[in-house]
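What follows is a set of notes on a single structure, which appears directly below.
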C-alpha cells in the first residue's frame with residue numbers, strides 16, 4: 094500500500110464528485126489505479142482515453158507509481 | 012433615383028449615364044471594373060459578391076458626398092454588382108460629370124478607390140480548380156474609418172512599443188506575421204481582436220457559421236443586431252474597424268483534411284479556437300505534418316487547457332496525452348455541457364498572449380508544457396509535456412502520415428455497412444459498384460459496370476475511388492470492403508458503403524438491378 098495524491102479535472106471531477114483526494118492503493122501504475130477508481134466511481138471514459146500527469150509532467154499510463162506521487166487524470170476536452 | 016445602386020443582376024449603364032446629362036458639364040468620366048481571369052497567380056473562373064446592403068448604400072452615399080465636396084463636379088453615380096459574376100462581367104460602374112476633365116477624372120478615381128476600401132462588400136473567388144475563397148482585404152474596412160482623423164499606425168501601439176521585448180523591431184515582426192484563427196466562436200472572438208490590436212499584420216479567419224443569439228454571452232466581438240449574419244464577415248469588419256492597418260482574409264469553408272494544407276500554407280501560426288475533436292486532431296496532426304505551429308485551447312465549463320503543438324520543439328502533441336479522441340458523445344462540448352462566458356474570453360486572450368510571445372521570440376512558451384486553469388477555484392497547473400516515443404504522430408515510428416478526419420475514421424461499422432436488401436431498386440441501379448476481390452477469388456455475376464479494384468493493392472487515389480455517385484464496395488465476406496470504406500470515409504467522402512455479407516449479398520439483389 095502506498096499513499097497517492099489524486100487530482101481530477103473536468104468530466105472526471107464531476108463523476109468523482111471532488112477535485113482532489115489522497116488514497117491508499119496497491120496499484121502499481123496509473124492504468125491500474127484508474128481502473129480501480131473507475132470501478133469504484135463508475136467513470137465513463139475507458140483508461141485508454143484518459144491522459145495522466147505525474148508530479149507535474151505528463152506520463153504514460155504504465156509508468157511505475159511511487160509513494161506520495163501526485164497523480165492527475167486528465168480527460169480530453171474540446172470546448173471552445 | 013439614388014446616386015448609388017446595388018445591382019443583383021447584370022445592368023446597363025445607359026440609365027445612369029442619362030441621369031448625369033447636364034448642359035453645364037463639359038466632361039464625363041467613367042470607370043468600369045470587370046471580372047478578370049486571374050488573381051494572385053491563380054486562374055479565376057467566376058466571382059460571387061456579397062454586400063451588407065444597408066451599410067454599403069449608406070457608405071457609398073457618403074463617398075459620393077465627399078467627392079462632391081472635394082472636387083468641382085456636377086454629379087456622380089455609382090453601381091456595384093452582387094451575386095454571381097462571370098469573367099468579363101461588369102462589377103462596378105462609376106460616372107462623373109464635371110465642367111472640366113481634370114476634376115471629372117480625379118473625382119472618378121477618388122470614388123473607386125474609396126468604394127474598394129470602405130464598402131462592406133465581400134468577394135468570393137472561384138478558381139479554375141474548383142475551390143473557392145473569400146477575399147476581402149480591403150473590402151471589410153469599416154464605415155467609421157472615413158471619419159477618423161488621419162492615423163499614423165505607430166500611434167496605435169505606443170503603449171506596447173515601450174516594452175523592452177517589443178520596441179520597433181518587435182512591432183515589425185508582428186506586422187509581418189500571418190496568423191490563422193480557426194473558429195470564430197468564444198475563443199476566436201477573444202483571440203482575434205487581441206492580435207489585431209497588437210498589430211499582427213495579417214489575420215485569417217476560418218468560420219462558416221452565422222451568428223446565433225446563444226453566441227452572444229461569450230462572443231463579445233458581435234452584436235445582437237447582427238444575429239443571422241455570417242460571423243466571419245462580421246468579424247472581419249469589426250477587426251478592420253479596430254485596426255484599419257490590418258489585412259483580414261476570410262475562409263468561409265469548413266476546415267477539413269482536403270483543404271487544410273492549402274489554407275494553412277499562407278500562415279506562420281495557427282490558433283485552434285474550435286470546439287470539436289475532429290478539427291482539434293486535424294490541426295494537431297497538421298502541426299507536425301505541415302510544420303505550422305498550432306496554439307490550442309480546449310474548454311470544459313469553468314476550466315480549460317492551453318498548449319502549443321510545435322514540430323520544431325521537443326514537446327509532445329495532443330496525441331501524446333490522448334492518442335485518439337474519446338468515443339462520440341462521451342465528453343460534451345460547450346453546447347452540451349455549458350460554459351461560463353468568461354472562460355473562452357480568458358483562454359482566447361491566453362492564446363493571443365502565447366501567439367504574441369511566439370512571434371516575438373519570448374521565453375516561457377507552451378510548446379513543451381500544458382497549462383490548466385480552473386476558474387471555479389482559480390487554480391492553475393502547468394505540466395511538462397514530453398514526446399511519447401510510441402506516439403503515432405510525433406513518436407519514433409509514426410504511423411500517421413497524412414491528414415484525416417479522426418471522427419470519420421473511427422466511425423463504427425454500423426454507420427458504414429449497408430444491407431442491400433433495405434435499399435430501393437432505383438438507388439441500386441444508379442450506384443457505382445466496386446469489387447475488391449482478388450482475380451483468383453472472383454466467381455458469380457456482378458452488377459453491370461462493376462469496377463474491379465483488388466484490395467491487395469488498395470490505393471485510395473486509384474480511378475473509381477474519387478467521390479461521385481453512391482458507391483457500394485464489396486468483397487467476399489464484407490471485411491475488406493469495410494476497411495476500404497473506412498479509409499475512403501476518412502478522406503472526407505461520405506457516400507461510400509461496405510456491403511454487408513459481401514459478394515453473396517450482391518448476387519441476391521442482382522435480379523433487381525437488372526430490371
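Protein chains in written order, with my numbering: chain A, 94 to 173; chain B, 12 to 526.
Each residue gets a CB set at the ideal place from its N, CA and C atoms; glycine is no exception.
For residue 96 (chain A), not one C-beta of chain B is nearer than 8 Å to its own C-beta. Taking a 10 Å sphere around the C-beta of residue 54 (chain B), we find fewer than 16 other C-beta atoms and assign the residue as exposed. Under the DSSP assignment, residue 60 (chain B) falls in the beta strand (DSSP E) whose first and last residues are 53-62.
Contiguous beta strand (DSSP E) elements confined to the segment 456-511 of chain B occur at 482-485 and 507-510, taking only those with 3 or more residues. Within 10 angstroms of the beta-carbon of residue 338 (chain B) lie fewer than 16 other beta-carbons, which makes it exposed. Using a CB distance cut-off of 8 Å, residue 324 (chain B) does not count as an interface residue toward chain A. Contact check for residue 17 (chain B) against residue 68 (chain B) passes: the beta carbons are separated by less than 8 Å.
Taking all protein chains in view, the Cβ of residue 507 (chain B) is crowded by 16 or more other Cβ atoms within 10 Å, so the residue is classified as buried.
In the DSSP assignment, the residues bridged to residue 16 (chain B) are B:90. One finds nothing in chain B with a Cβ atom closer than 8 Å to the Cβ of residue 110 (chain A); even the nearest lies about 14 Å away. For residue 151 (chain A), the closest Cβ of chain B is nearer than 8 Å. Residue ranges of uninterrupted beta strand (DSSP E) with 3 or more members, entirely inside the segment 268-296 of chain B and ordered along the chain, are 280-283. Beta-bridge partners of residue 49 (chain B) (DSSP): B:54. Counting only unbroken stretches of 4 or more residues, the alpha helix (DSSP H) elements lying wholly within the segment 168-194 of chain B are 169-172 and 178-187, in sequence order. The C-alpha of residue 258 (chain B) lies about 48 Å from the C-alpha of residue 464 (chain B).
The alpha-carbon separation between residue 358 (chain B) and residue 308 (chain B) amounts to approximately 7 Å. Spatial neighbours of residue 319 (chain B) in its own chain (CB-CB distance under 8 Å, excluding positions within 5 residues in sequence) are listed in chain order as 304, 305, 306, 307, 326, 365, 369, 376, 377 and 378. Residue 416 (chain B) carries a coil assignment under DSSP once its states are collapsed to helix, strand and coil.
Exposed is the label assigned to residue 389 (chain B), since fewer than 16 other Cβ atoms lie within 10 Å of its Cβ. Per DSSP, reduced to three states, the secondary structure at residue 151 (chain A) is strand. Within chain A, the residues 103, 104, 138, 168, 169, 170 and 171 have their CB atoms less than 8 Å from the CB of residue 342 (chain B), given in chain order.
Membership of residue 335 (chain B) in any alpha helix (DSSP H) is not indicated, and neither H nor E is assigned to it by DSSP. For residue 385 (chain B), DSSP records a beta bridge to B:314 and B:390. As a beta-bridge residue in DSSP terms, residue 262 (chain B) pairs with B:217. The contact set of residue 146 (chain A) on chain B, defined by CB atoms closer than 7 Å, consists of 394 in chain order. Comparing alpha-carbon positions, the option among B:94, B:107 and B:407 lying closest to residue 40 (chain B) turns out to be B:107. With a beta-carbon spacing of about 6 Å, residue 172 (chain A) and residue 311 (chain B) fall inside the 8 Å limit used to define contacts.
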